[in-house]
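Protein chains in written order, with the working numbering: chain A, 1 to 434; chain B, 1001 to 1434; chain C, 2001 to 2434; chain D, 3001 to 3434.
Cβ atoms here follow ideal geometry from the backbone N, Cα and C, with glycine treated the same way.
Everything numeric in this text was worked out from a predicted model, so none of it was measured.
Here's what the structure looks like:
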């Protein structure tokens, strides 16, 4: 007979999770600068009595790409300190080692079960109007230009909520439960260093989660598949400045080269074998109106339904970038600063999650495979676990959204957090005894 | 018989001018934020015993365009204060009213003669290597991304140097000499408000100057013509963000629209009737790699050999900007943030300057018209003076340059400052008695 | 017990089909100008004793779009005559009414079964080297720039081959077999007028076929799904010519507008809900090197996995085309000249075809749904039949290709024609008795 | 005292010139295919008793660039024959050797004087409406897509008119008068082969003419300067075709590469040192709507106020063309198919022409230098003559135009032909005795 976690334990965990979510939402941190978030997570895990590993212990430093520069790391570190990051854990995260793992050893021997959540925010300006609930209720971002517009604040809170429930039921836990708090999911930079550090080497059952993504409130999908493989590229054009009125022909126009590249990048042909994507998310070029721009910087992302398609897109993107440099007689530097891969959820694992959901009245959990629209580096964890013989699933906790992911009015329905925590807690318990 | 200013007076003025120039070079300020520069100028003029007008007295506030935003004005004002701007003059400049006029009343009645110099710097990163003399000798910019890369620091120092010489020879001055220190020449924003405030309504002879511009050391051109009329435009695209992987079709891509506009702007046809120019000096678009960019901002400048050609370019640029918005189904806002016009030097005035130069051994001053390559809003002063019946000339003080204008290694030969001050002082004296 | 058509009947039909295919391959005709092809088909059907309907009887004249101009229709009509088109049928096809239907009434009452093939060629230059079998064996196209590069010559020959076999077995046929020979499949122009003329109003079982498309020799797919909905657009830019050296600004550059449109068209965002495509197949612009081009003509095609996606692409394409016109201050005319839709094969019908195939040793026929990569206006027939309660399937007769569809060395393996005819003949017989 | 040609001689020549002009206008021929025009010219020169040289005698075959292909040359040759080209001269012109020189030896020894006119038409569709005088009066072009839209028909007629007058006054001619009828001025292809063949090696005074170009009726400019140096480039992209729906990623899109090149070509920076131009006059790409285009062909022209600027433009254009090829991963072939250079008129020669004009009541001829807007390969003749110590001038015979050069309604005022012939005849007589 199934065991049901006590209602008061669940309620307390949910209440705390909502409060924490709002605090994190107010203090969003970009990938690899989650100093405040990760140290708060570590402190909370310790308080709950879990074993805590963090920083270089759970993150292979050399495997990181797309690291912010020294000044930015330093600035964010100081900000975290100023905003109350627990000083006992903060130093271990310095230099952009912002991963945390909590370990809960069960009462009996059993399998290793992992729940993975991510913690980073996005470089988006949060809406400040009364139409936006976080603004209305006072927990909109206080970091200009940074926003939790993808729900990772919710993920972190759900992860800690599940940890809280399980720590209260430790006598019922068999085996080991790992709570994996990953930095830098955006940009596809956080999973690989954690995989390389061995975080999932002993994991038998692995579950990664996401909130929203088009799934409505009170329902969940236990088997998300089809995450796109992706490559993140930074491109820098270096030209030559010149007076735009007096000597325009003496310049080498980096801004123009970038514009030519942008148009041609979006024009890369669709691939017959499956979905492909290309985006130039940001472009910064030039320094003065009357000066031929001598530099331009682009943040690019290409994706494919398979690794092969993503690689086709990357190859074509590089040709385009180099062609524009040739056109304008200047130099381009191209750097790969992130990657994600593909992975499919194991049907058996998805079915178990759906069965757990079926025991929760009012909640609908489907094991039917659901096609993802974006990319996820949780796929690296999944591939590693599956390669070693374990099972992995990527699940979505549904929630009616105020506005889509990656928009300035993104918001979830917080009432979905309670049952989300319960579903995760029950699933981890069940898998422990699986 | 010509009067020669005493050598010791000239030498002292030149020495002080070089020192001041280096101080200004180290603390460059962008247009309409020349709080430190203008207050130093005002203090120096007062010390020399000249009448001083500044701020709203000499600048029609409502005629200003392209004003930095409140935060930026405030930030620069505070910086100026922190960097020693004289507090007796600073408040009058607040809010971007950074113009100064010095008045020297001569011993006898006579014509009104004006010398106009400009004070603003450019948004260029100054070279910090030992190859660049200002870096080597410790007076490179301490304001990151801002640089005196067009010599306005030198202009300001020359203007004060000439004022110093004339204040020492006040008994020889007939009529009135006006020293016009203009802000925001870059961007074509400073002259019109000063003209509108009536600064040159009583001027009989007007001389504007520039250092360098291809004229070698020890020589000057007294009749520069052909400055291009120009219009500065800011364009802002506002689109809609969306997840680049999951919902790309839901976005309205402002970055792509900007790239399309850039290419088409550079493709605007040459004009049969004379020179035309177009430059997109800066482009900032997007906020995150995996988000469809919902905004883009471009700083644009078009120019023409005549007002008609500049207007043709402006009209075509606006069509292009709107066409790109239509292409990507989003909005564009276009604002005119600066203008310059055309004006020719009066030959008689140029001849007088050349005659003055002929009295200075080793210096060669030509009255032959010289074609300018860029734009200048001194032309608004010139047109106004000429319209009222006065004479105007635009003169270049030659100097061998280390690197061209608007480049990160721009530098002049400081030994040209001494004879430059002498030529200006002699010319103002001569015109006073003309 | 299954009936097997006699081997000699099959062999004769196959031999004749190969010969006919080579004749058609040598004399390819573009859509709506298939005067020679269609009149040969009509004559052959009559010879076989089938009822023949053609021209306006089976084609609603007013529903045609993308009709070649009068001169071109006239030119092709005369060429057909000169190349031996049977004069008894040719006049009925005049003006671009190049559809033919053959009717075979069976010995007994029964269902109406239709086989649909297409007859038109592509505007591609056929390879003339010895590496290309049709060139080597002397049946490469004698019409410069026109080529059967998609196998419609084979389709026509297979259709007549099946008709030949069934006419020899008329005593075994129950019900009515319709042989539908459609013009102008390329461009999506031929099906709608035939549907509108009522050609499939009485059809119970409908089968459309294609050769090749990646399916290997000796195998067939009986259930092709996922043909992309498409819209074909012609865009014409009309500008103003001017002397490119003397008065470039007086021109309105249609060639430049077209180039801007092309880049932006390829840059239309992928759609999250499924496959999309865009192609600018041809561009013709300008008349002289030193003249600003006053006209440009583009042939465009957009596609989508659903009608909604195709419509999204069309709407975006029109915005792009109009935006480029606004950019260059000129006019654009946009015309829809063809469409295709989507349709899925009925599984029951596919299963019957697969069962028929299973009776043919050495041939493998699959009823597993197969995803199409391109577009097909046979989908209009399929939708109409299905809407009326009939069943429809789109089948591929596999063949190892020398080079891909729509390339200058496209070629099939002719040995696949014999079993193809047999499979079709058996299927039609079976469906007649179904 | 000046000699005046008899009025009846002038009137007859003018009448005949107008008739000839209309005949030539009706039968326009593109550069290097002027078979009918040149053979008519040769026949007329012979009839007038002048020595005639033509074809390879006056044209260095190997120096020709931009030659039409064999088929086109053959087609035009046959058309000329069909349209009455004199058979006695036609064969010498075969293969695109369509230059003619007429030699008139004077009664006395004297200098060699040359008048150069050009004969070729443009690839422009002539307006056929009643608004256009040539259409209204029945002499609009009967060659579709070809038009005398630059007045070379008039030039040829003026040249023969002047020859007619001088042949009637042979007793007054001193020295030798050369009438140089050049092919292929458009495209800058005809002058160099004639210079290389030595046509102006002995010339002391050289005059080239043009009708219209903005100069009003009854006036002429004797000193046109500033023709732009130019380079004509043909670019061919060769990609790979593919099915646009099924295998778009397998293609190499030549049409897209061409569009990218076009945009970047027009975006080549203006040059500080003087006028520059770029035009892509024609673009032909692709073969079918649903096929990735495997070829694209562009006719390009770049110009500069100096040879250096033209060379800058050519170098930049080639970089752009190659950059687009790199972008789309395909090949580009670039060929130089024509050139023009710069040359200034000799003031002394211009003054003589102006003096001759001053003797003609009602006609105003200026020797003040006039800035040209376009390019001319007459400059190669001028440079050669000047280099050898002779004098050269480029003169414009003014005429009020119905519509600008290179437009479909271009037309001159034929009443300017009479005085034009008189001015030329008088000038040649005067120079002969100079």
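Starting from residue i, follow the beta strand (DSSP E) in both directions and report where the run begins and ends.
i               : result
residue 1116(B) : 1108-1118
residue 3210(D) : 3205-3211
Just confirm the distance between the C-beta atoms of residue i and residue j, as a whole number of angstroms; I'd bet it's less than 8 angstroms.
i               : j               : result
residue 1349(B) : residue 1205(B) : 6 angstroms
residue 2223(C) : residue 2345(C) : 4 angstroms
residue 1375(B) : residue 245(A)  : 5 angstroms
residue 3099(D) : residue 3058(D) : 5 angstroms
residue 3377(D) : residue 3096(D) : That pair is no contact at about 16 angstroms.
residue 257(A)  : residue 327(A)  : 7 angstroms
residue 3174(D) : residue 3106(D) : 5 angstroms
residue 2272(C) : residue 1371(B) : Residue 2272(C) to residue 1371(B), Cβ: 56 angstroms. No contact.
Taking the continuous alpha helix (DSSP H) assigned at residue i, which residues delimit it?
i               : result
residue 2427(C) : 2416-2432
residue 2051(C) : That residue, residue 2051(C), is in no alpha helix (DSSP H); its beta strand (DSSP E) goes 2051-2054.
residue 3156(D) : 3152-3168
residue 2264(C) : 2254-2266
residue 134(A)  : 133-136
residue 194(A)  : 191-196
In terms of DSSP beta bridges, what is residue i paired with?
i               : result
residue 181(A)  : 100(A), 117(A)
residue 3233(D) : 3300(D), 3336(D)
residue 1221(B) : 1366(B), 1396(B)
residue 279(A)  : 301(A)
residue 285(A)  : 296(A), 1283(B)
residue 3243(D) : 3291(D)
Within the chosen definition, does the region 199-211 of chain A reach the region 355-363 of chain A through at least 3 CB pairs nearer than 8 angstroms? no
Return the chain-ordered ranges of every beta strand (DSSP E) run that is complete within the region 3305-3355 of chain D and spans a minimum of 3 residues. Here the runs fully enclosed are 3331-3340.
Quick test of the definition: if touching needs 3 or more C-beta pairs under 8 angstroms, does the region 1360-1373 of chain B touch the region 1157-1165 of chain B? no
Please go through the region 2353-2403 of chain C and give each complete alpha helix (DSSP H) segment of 4 or more residues, from N-terminal end onward. The qualifying runs are 2378-2387.
If you pair each beta-carbon of the region 2196-2205 of chain C with each one of the region 2107-2118 of chain C, do three or more pairs fall below 8 angstroms? yes
Are the region 277-289 of chain A and the region 3337-3349 of chain D in contact at 8 angstroms, needing three or more beta carbon pairs? They do not touch, by the three-pair rule.
Using 8 angstroms as the Cβ pair cut-off and three pairs as the minimum, do the region 169-176 of chain A and the region 1009-1018 of chain B touch? no
Touching or not, the region 34-50 of chain A and the region 137-150 of chain A, by the rule of three or more beta carbon pairs under 8 angstroms? no
The region 1305-1313 of chain B touching the region 2312-2330 of chain C, judged by at least three CB pairs closer than 8 angstroms: no
Pairing CB atoms from the region 233-240 of chain A with CB atoms from the region 3254-3268 of chain D, are three or more of them under 8 angstroms? no
Is the number of C-beta pairs between the region 2326-2337 of chain C and the region 2403-2415 of chain C that are closer than 8 angstroms three or more? no
Say whether the region 1293-1308 of chain B touches the region 294-311 of chain A, bearing in mind that this needs 3 or more beta-carbon pairs closer than 8 angstroms, one atom from each stretch. no
With contact counted as at least three CB pairs below 8 angstroms, one residue from each stretch, are the region 1025-1041 of chain B and the region 1176-1185 of chain B in contact? yes
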